[in-house]
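J.: Numbering (the numbering used here), first residue to last: 1133 to 1354.
#1: Could you check the C-alpha separation between residue 1313 and residue 1346 for me, to the nearest Å?
#2: Just reading off the alpha helix (DSSP H) that residue 1183 is part of, what are its end residues?
#3: What are the complete alpha helix (DSSP H) segments, minimum 4 residues, inside the segment 1207-1273?
#4: Taking Cβ to Cβ, would you say residue 1193 is nearer than 9 Å to residue 1255?
#5: Between 1166, 1151 and 1333, which has its C-alpha nearest residue 1311's C-alpha?
#6: Looking at the strands, I want to know which residues DSSP matches up with residue 1289.
#7: Out of 1275, 1263 and 1226, state which residue places its alpha-carbon closest to the alpha-carbon of residue 1249.
#8: Note down, in chain order, each residue of its chain lying with its Cβ closer than 6 Å to the Cβ of residue 1237, except the 5 sequence neighbours on either side.
#9: Near residue 1349, what residues of its chain come up, given a Cβ to Cβ distance below 6 Å and the 5 sequence neighbours on each side ignored?
#10: List the endpoints of the continuous alpha helix (DSSP H) containing residue 1319.
#11: Ignore the nearest five residues each way along the sequence and tell me which others in residue 1327's own chain have a CB closer than 6 Å to its CB.
#12: Taking the alpha-carbon of residue 1213 as reference, which of 1264, 1234, 1197 and 1202 has the nearest alpha-carbon?
#13: What residue range does the alpha helix (DSSP H) around residue 1145 cover?
#14: Could you tell me whether the Cβ atoms of residue 1183 and residue 1282 are closer together than 9 Å?
#15: Can you tell me which residues form a DSSP beta bridge with residue 1079?
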């Protein structure tokens, strides 16, 4: 992946190390507890199914922040030409081991170098929330330019008014990252100003105590 013109977060390497530390636990929890497995979450699965239908025939799809590759593999099973990238090399190692039929590489939102009108869809499936807020608009603009007409952008993220500093995660492993929570309305406006047309919104209250969440979908019309 080529160097990106986007500015990197100051804590990028710290966040990368944190996700490396939790990667093996996270991958095991997907299998044993169903965490992050959309096959066990009907509303999220429905959103991904519709996304898969909408990107069909438009172009390749990129799953940014793919983790151990669960959603990437699900889309591949649906016949989508999809690849995944993740900030954490250890997450990518898990993804390659568990889903050898799929393509994965190490990278981050601010390391993307996507050609204009090169993709049919981009996923931000619980992967934008570690980005500082001031970096989200240029990242979304870059993604919007990379989509072909009719291309789809889908984002799922945590809802709230305040950011959360995480010091442990996924089995009490020590980590250091910030969860930037969003209200749906300003995020919808950012999608619109990036050059995308918001088309769908799904608000969720997960049963596992993780707090409210939102799925937003937007389309590139030109």
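Just so it is clear, CB atoms sit at the ideal spot from N, CA and C, and this is done for glycine as well.
T.: Concretely, from the data shown:
#1: As a first step, residue 1313 must be located in the chain shown, where it is residue number 181. As a first step, residue 1346 must be located in the chain shown, where it is residue number 214. Whole-angstrom Cα-Cα distance: 10 Å.
#2: Indexing the chain shown from 1 puts residue 1183 at position 51. Per DSSP, residue 1183 belongs to the alpha helix (DSSP H) from 1174-1187.
#3: 1221-1230
#4: Within the chain shown, numbered from 1, the residue matching residue 1193 stands at position 61. Within the chain shown, numbered from 1, the residue matching residue 1255 stands at position 123. Yes, the Cβ-Cβ distance between residue 1193 and residue 1255 is below 9 Å.
#5: On the chain shown, residue 1311 is found 179 positions in, with the first residue counted as 1. The candidate whose alpha carbon is nearest that of residue 1311 is 1151.
#6: The residue given as residue 1289 occupies position 157 in the chain shown. 1346.
#7: One-based indexing of the chain shown puts residue 1249 at position 117. The residue with the shortest Cα to Cα distance from residue 1249 is 1275.
#8: By 1-based counting over the chain shown, the position of residue 1237 is 105. Hits under 6 Å: 1217.
#9: To locate residue 1349, count along the chain shown from 1; it is residue 217. Within the same chain, residue 1349 has close Cβ partners 1286, 1331 and 1332.
#10: As a working mapping, residue 1319 is identified with position 187 in the chain shown. Taken as a continuous stretch (DSSP letters only), the alpha helix (DSSP H) holding residue 1319 covers 1316-1325.
#11: Along the chain shown, read from residue 1 onward, the residue named residue 1327 stands at position 195. So the qualifying residues of the chain are 1276.
#12: Residue mapping note: residue 1213 aligns to position 81 of the chain shown, counting from 1. The option with the nearest alpha carbon to residue 1213 is 1234.
#13: Within the chain shown, numbered from 1, the residue matching residue 1145 stands at position 13. Where residue 1145 is concerned, the enclosing alpha helix (DSSP H) stretches over 1144-1165.
#14: The residue labelled residue 1183 in the question sits at position 51 within the chain shown. The residue labelled residue 1282 in the question sits at position 150 within the chain shown. Inclusion of residue 1183 and residue 1282 in the CB contact set at 9 Å is not warranted, their separation being larger than that value.
#15: No information on residue 1079 is available, as it lies outside the stretch 1133 to 1354 that the chain covers here.
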